[in-house]
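What follows is a short report on a single structure.
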Amino acid sequence: MTDFFATAPRGFEELLAAELRDLGLASARVQRGGVSFSESLAAAYRACLWSRLANRILLPIARFEAEDEQALYDGVQGIDWSAHLGVDNTLAVDFTGVRARIAHGRFAQQRVKDAVVDQLRDASGARPSVDTDQPDVRVNVHMMEAAVTVAIDLSGESLHQRGYRRQGRSAPLKENLAAAMLLRGDWPVLAAQGGALIDPMCGSGTLLIEAAWMATDTAPGLLRTRFGFHHWRGHDDALWKPLIDEALERQARGAEKPPTILGFDQDEEAVAASRDHLRRAGLADWVKVDCAGLAQLHRPADQPGGLVITNPPYGQRLAEQHELVPLYLSLGQTLKSRFAGWRAMVLNGSGCALGLKPERSWQVFNGPIECRLERFELQAGGGDATPAQDLVNRLQKNQRQLKKWLAREDVHAYRVYDADIPEYALAVDVYNSQDGRWLHVQEYAAPATVDAGKAQARLRAALAVLPGALDTDPSKLVYKVRQRQRGEQQYQRLAEQGQYLEVQEGPCRLLVNLTDHLDTGLFLDHRPVRQWIGESARGRHFLNLYAYTGAATVHAGLGGAASTTSVDLSKTYLAWLQRNLHRNQLNSPVHALVQEDVMAWLKGCDRRYDLIFLDPPSFSSSKRMAGSLDIQRDHVALIQAAAACLSKDGLMIFSTNRKGFKLDPVLHEQFSIEDRTAWSIPKDFQRRAWVHGCWFIRLATTTAT
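Under full-length UniProt numbering, the sequence shown is numbered contiguously, ending at residue 705.
Here is the structure:
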C-alpha cells in the first residue's frame, strides 16, 4: 500500500472522505486540507477518474524538516528524481505554506525547481524544461512551519476541470463545488427515485452537467485526455486502461433512463453558454435549457418531487446587494408556492434572506467568497408563519382606503405606504404599468441609534410580505435605500438595466425607470400640480425650470399650451423628457428643450411666459454650473430671476421638498403669493405632514383669481 493525499475545497473534507470510501478507498481519513488514504496505485487512479469533489490527488515521495531555503534545497536534492521524470520531460512546481519558515512562496518554488534540475543535469549533462501551464510532471511542495512534504501531483490540472468548459469563459461556480451542492441535496438518491432537477438561474450550466453525470453514473474525469500521471515515470498503463473501460460501460448503462433535468436563465448569453457546454459534455439531447425568469418557472406537471438547485448572483457592491434582496425573496416565494414536496439547495453568497427557513445549512467558500449552502424542504403550504403581520394589515387598510379615490381620479401610480409604522421605515409606491403592477420600495436610512441587526430583520420581513400583500409578482419589486443626495449624486446611476415602463397619468403616457436611478422619473406627490397645469395651459406659453423628465411639460403640451420650454442641466433627464414628448405625439418645434444651468439661463432670458413651474432640487452642484444651489439660501434670487420672465398676468408655481423650508418674508413685499401647499398634496401623500411646499406667485400688480 502507498500513502496518497486528496486535496478538497474548504469545508468539504468530510464529504470527500465519504465519497472516496464509496469508491472503495476504505482507508480514507480526514486531515487538514483534505483526505489521506493508503491504497494501491490503481485506487489512486480511480480517485482521479471518479472523484467529483477533490482538487488534486497527490503522491507524497518525501518528508523532511527545513529551517531555511538551503535546507529546503538539500531536502529536495535528496530525492531520486530520475524515478519520476527525465531530462526530456517538462516540469512545474507548486508551493503552499502554513506558517512556513520560508514565507516567500515564489522564492521557495524557485529553490525546489533548482534542486530538481540541478540533480538531473549533474547526472546527465542535460536538464528538463519548465512549463507552468501543462507540464509533464507537476511537483507539489507543502510546508507547515518547518515540516516539508514533497509530492507528485497525479492530477495535473485541478480535477474540477472536467473538459467541457470552453477556455476563457467565466466560471464563477467550480465543478467540484457544484458537485458538493448536489451531494448535500442527496441528488443521486432523488434521481434514482425518478425525481427531476431544475436550476432556475443556470448560468453556464455547471450544476446541470454535474447533476446529469451523477444521475447517469458518468465518471467526471472521462472527458479529460490528460492527467498528471500520464508522463510520470511511475505510471502503469495496465492499471489505468481497465478503469476507462469500466467507466465507459457504466456510462452507457446509466444513460438508458436519464432523469428530467431542466435549466432556465433570463440571460440569453448564459443560455447559449449552457447549451454549448451541454453539447460538449454529450448531454444536449436530453438536458434542456430555456430563456426564462423566475416568474415563468413552474415544476413539470408529471414530476411530484425533485430538486431545485441554484447559485444566484451575489453582488459584491452594496448597491448590488440592495438590488438582490427582491430577487432572493422572489426565489423564496417561487419555491414555496410552486414546488411543494420538493427539496431546494441554494448557494447563498449575498446574505439575502429567501423568506424561508433552511432545514440545514453549511458554511462553504466559492473561491474567496464566504457563502451559506442552504437546504430547504418545501412542504405543501410551507414557509414560516406570515411575518410582519402588522405591516400586512396596514398595507391592506391603506389600499382599501385609497381604492375609491384611485378609481375616481384614474390614478395608476401612487404611494400606498410611507413609514406609517416606525419599525418599517419604508416608502412603498405602486406603478400600474403596461407591463403589470410594480412595487418601488425605498428604505429610509435608519439612524445610528437603531440596532442594525434588528433593522435588517424587519427589512427582510417587510420585503417578504410586500408582494403578497399588494398582489404583485415578487420579481416586480424594486428595492433601494434612500439617502440624501448631494451635488451630482442626484444624476448618478445606480444600475444600467435601461428598463422603462409606461404609466398613465390623466391623458399623459409617461416613462418611468424603477431601477437605474434613485428616483423613478415621476414625482408622485406633484400629481395635482401637474394635472392643474394641464387643465390651465391652453393657449399659454409654459416654462418648466429644473424640468427633470418633463411630466409637467407633457401635461402642458396635451393641455393645449401655445409653447413649452423645458430647462435642465442634465443631458440624461432631457433625453428622457424628449422620449416622453414623443410618446405623447408632442414632437414639435414649439416644445423646446434647453440643457443649461437654470440660473445662468434665466439671466439671459429675453421673453415672457404665462405659466412657469419652478421645482428646484434642495441642493445641487455640478462642474457645469457656477457655484452651487441651496434652495433655502438661494430661493429669493431664484424666484426673482424667474419672475423677471413672467408675463404681466402670468403665474409662477414654486415648489420645494426641502424639509423645514421657510419662504423669505421679503418675497411677500415684492409679489402676490398664495400658499397652496395643502391643495397640492394628494390623498396618497397626506400621511406625511409636509412632503413638499407649494406657492402660487404672481407679479404684485396682478390681482389673484
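The beta carbon of each residue, even a glycine, is placed where N, CA and C say it ideally should be.
Checklist entry - Excluding the five sequence neighbours on either side, which residues of its own chain have a C-beta within less than 6 Å of the C-beta of Ser82, listed in chain order? => result There are no such residues.
Next on the checklist: Looking only at its chain, what residues have a beta carbon closer than 7 Å to the beta carbon of Trp405, apart from the 5 residues adjacent to it on each side?
Outcome noted: Same-chain partners within the cutoff: Lys683.
Next on the checklist: Which complete alpha helix (DSSP H) runs does the stretch 176-252 hold, if anything under 4 residues is left out?
Outcome noted: Within the stretch 176-252, the runs of alpha helix (DSSP H) at least 4 residues long that lie entirely inside it are, in chain order, 187-192 and 206-215.
Item to check | Start-end ranges of the alpha helix (DSSP H) lying completely within the stretch 20-93, minimum 4 residues | outcome: The qualifying runs are 41-50 and 69-77.
Checklist entry - Would you say the stretch 134-146 touches the stretch 172-181, given that touching needs at least three Cβ pairs under 8 Å? => result Output reads no: the stretch 172-181 does not touch the stretch 134-146.
Checklist entry - Going straight from the alpha carbon of Asp22 to that of Ser51, what length do you get? => result Here the alpha carbons of Ser51 and Asp22 stand approximately 10 Å from one another.
Item to check | Within 9 Å, strictly: CB atoms of Ser38 and Asp80 | outcome: The answer is no: Cβ separation not under 9 Å.
Checklist entry - Got a sec? Which residues, its chain only, sit under 8 Å from Leu524 by beta carbon, not counting five neighbours each side? => result Within the same chain, Ala413, Tyr414, Arg415, Asp429, Pro682, Asp684 and Phe685 come within 8 Å of Leu524 by CB-CB distance, once the 5 residues on both sides are set aside.
Item to check | Continuous beta strand (DSSP E) stretch holding Met345: start and end | outcome: Following the DSSP letters along the chain, one finds Met345 inside the beta strand (DSSP E) bounded by residues Arg343 to Asn348.
Item to check | CB of Leu602 within 9 Å of CB of Ala641, strictly | outcome: Closer than 9 Å, so yes.
Checklist entry - Can you give the Cα-Cα distance for Ala643 and Gly559, rounded to whole angstroms? => result Their backbone Cα atoms lie some 23 Å apart in a straight line.
Checklist entry - If you follow the alpha helix (DSSP H) that Gly557 is part of, which residue opens it and which one closes it? => result Bounds of the alpha helix (DSSP H) holding Gly557 are Ala551 to Leu558.
Item to check | Option in Ala215, Pro422, Ala196 and Val150 with minimal Cα separation from Ala179 | outcome: Among Ala215, Pro422, Ala196 and Val150, the Cα nearest to that of Ala179 belongs to Ala215.
Checklist entry - Can you tell which of Ser566, Pro617, Glu14 and Lys480 has its C-alpha closest to the C-alpha of Ala425? => result Checking every option, the nearest Cα to that of Ala425 belongs to Lys480.
Checklist entry - Does DSSP put Ala105 in a helix, in a strand, or in coil? => result Residue 105 is actually Gly in this sequence, not Ala. Correct three-state label for Gly105: helix.
Next on the checklist: Since Val512 and Gly521 should fall inside the 8 Å C-beta cutoff, what is the C-beta to C-beta distance between them, to a whole number of angstroms?
Outcome noted: Going by Cβ atoms, the distance from Val512 to Gly521 rounds to 5 Å, so yes, they are a contact pair.
Checklist entry - Taking just the CA atoms, how far does Ser274 sit from Gln399? => result Between Gln399 and Ser274, the C-alpha separation is close to 44 Å.
Item to check | Span separating the alpha-carbon of Ala247 from that of Ala196 | outcome: Rounded to the nearest angstrom, the two C-alpha atoms are 24 Å apart.
Item to check | Anticipated Cβ contact below 8 Å, Val148 with Ile61, distance rounded | outcome: With a Cβ gap of about 12 Å, Val148 and Ile61 do not count as contacting.
Next on the checklist: For Glu19 and Leu53, I'd like the C-alpha separation in whole angstroms.
Outcome noted: Using only the alpha carbons, I get a separation of about 8 Å.
Item to check | Residues that Arg698 bridges to, as DSSP identifies them | outcome: DSSP output for Arg698 lists Ser672 as bridge partner(s).
Checklist entry - Can you tell me whether DSSP reads Gln403 as helix, strand or coil? => result According to the sequence shown, residue 403 is Lys rather than Gln. Residue state, collapsed to three classes: helix.
Item to check | Close Cβ partners of Asp664 (< 6 Å) along its chain, the five nearest in sequence each way excluded | outcome: Val636, listed in sequence order.
Next on the checklist: Once the 5 residues before and after residue 726 are set aside, which same chain residues still bring their CB inside 7 Å of it?
Outcome noted: This structure leaves residue 726 out entirely; the chain is present only between 1 and 705.
Checklist entry - Is the beta carbon of Ser566 sitting closer than 9 Å to the one on Val594? => result Between Ser566 and Val594, the C-beta spacing is below 9 Å.
Item to check | Exposed unless 16 or more other CB atoms sit within 10 angstroms - verdict on Ile673 | outcome: By the neighbour-count rule (16 or more Cβ atoms within 10 Å), Ile673 is buried.
Checklist entry - Counting along the chain, where does the beta strand (DSSP E) carrying Trp362 start and finish? => result Bounds of the beta strand (DSSP E) holding Trp362 are Arg360 to Asn366.
Checklist entry - What residues in its chain sit with their C-beta under 8 Å from that of Gly487, if we drop five residues either side in the sequence? => result Caution applies to Gly487, whose pLDDT of 42 falls short of 50 and renders its modelled position unreliable; the model cannot decide the point.
Checklist entry - Which residues in the same chain as Gly341 place their Cβ atom closer than 7 Å to its Cβ, once the five residues preceding and following it in sequence are excluded? => result Correct list, in chain order: Pro304, Gly305, Leu378 and Ala380.
Next on the checklist: Does Arg458 pass the burial test, meaning 16 or more other C-beta atoms within 10 Å, or should it be called exposed?
Outcome noted: So Arg458 ends up on the buried side.
Checklist entry - What does Tyr479 pair with, by DSSP beta-bridge criteria? => result Looking at the DSSP assignment, Tyr479 forms a beta bridge with Val441.
Checklist entry - Using the beta-carbon count (16 or more within 10 Å), is Ile697 buried or exposed? => result Per the 10 Å Cβ criterion, buried.
Next on the checklist: What does the Cβ neighbour count give for Asp675, buried or exposed, with the cut at 16 atoms within 10 Å?
Outcome noted: Taking every protein chain shown into account, the CB of Asp675 has fewer than 16 other CB atoms within 10 angstroms, so this residue is exposed.
Next on the checklist: What does the alpha-carbon distance come out to for the pair Leu324 and Tyr444?
Outcome noted: Cα to Cα, the separation comes out at about 18 Å.
Next on the checklist: Along the chain, where does the beta strand (DSSP E) containing Ala151 start, and where does it finish?
Outcome noted: In the DSSP assignment, Ala151 falls within the beta strand (DSSP E) that extends over Ala147 to Asp153.
Checklist entry - Any idea which residues DSSP pairs Asp606 with across the strands? => result DSSP output for Asp606 lists no bridge partner at all.
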